[in-house]
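Worksheet for the structure shown next.
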Amino acid sequence: MLGDVLKIILAVILPPLGVFLEVGLGKHFWINIVLTLLGFIPGIIHAVYVIASR
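Structure, rendered in structure tokens:
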């Protein structure tokens, strides 16, 4: 529980880091990199979704 909260906080600060800690270097990590480069808010939304759905 506490680990998920920490990952979500990291996802808001640096979205790819939160996704990396949750899934590693999988497809969601690379999708999040692209979304973060296109716009910071989509990267945050995707990162929180990935963390919350696992």
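Numbering (this note's numbering), first residue to last: 1274 to 1327. Even glycine gets a Cβ: it sits at the ideal position worked out from N, Cα and C.
**OP:** Return the residue from the list P1288, I1282, G1299 that minimises the CA-CA distance to G1312.
**Re:** Closest by alpha carbon: P1288.
**OP:** Sort G1299, L1298, A1320, G1297 by Cα distance to L1308 and report the nearest one.
**Re:** Residue A1320 is the option with its Cα nearest to L1308.
**OP:** Keeping to the same chain, check which residues put their C-beta closer than 8 Å to that of K1280; ignore five residues upstream and five downstream.
**Re:** Cβ within range, chain order: G1291, L1294, E1295, I1324.
Subject >> Which of helix, strand or coil DSSP assigns to L1310 >> reply: In the three-state reduction of the DSSP assignment, L1310 falls in the helix class.
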